[in-house]
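Position 2 of the sequence shown, counting from 1, maps to -8 under this note's numbering, and the rest follow consecutively.
See below for the structure under consideration.
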Amino acid sequence: MIYKVYYQENASEVPVRENTKSLYLEASSEREVRDYLKDRNYNIEYIQLLEGNYLEYEQNSPNFRLENA
-9 MIYKVYYQEN ASEVPVRENT KSLYLEASSE REVRDYLKDR NYNIEYIQLL EGNYLEYEQN
51 SPNFRLENA
């Protein structure tokens, strides 16, 4: 399964929408995504499962770079 993670780079700062970044991870569950990212100092806002047409749309984006958990 492929997940899109919305995050802020610094967990100690107040979240600002304009600073939100995203990354794509291939993992078997949301828990695995969180475990994979726990060592990074990210403030995770939202983890979204991508499937169907939405996944196809994201894969066509020039910013789509998949990491494996």
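Glycine included, every Cβ here is placed at the ideal spot set by N, Cα and C.
Keep in mind the model is a prediction, meaning the values are calculated, not measured.
| Query | Result |
| --- | --- |
| Cβ neighbour criterion (16 or more within 10 Å) applied to Q(-2) | buried |
| heavy atom of the ligand ADP below 7 angstroms from D29 C-beta | You won't find the ligand ADP in this model; it holds no ligand whatsoever. |
| Check whether L27 and I34 have beta carbons under 8 angstroms apart | yes |
| Simplified DSSP state of E57, which is helix, strand or coil | strand |
| Completely contained beta strand (DSSP E) runs for the segment -9 to 38, where each covers 3 or more residues | -8 to -2, 11 to 16 |
| P52 to L15 span [Cα, whole Å] | 16 angstroms |
| Beta-carbon proximity list for S19, same chain, < 8 angstroms, skipping 5 on both sides | M(-9) |
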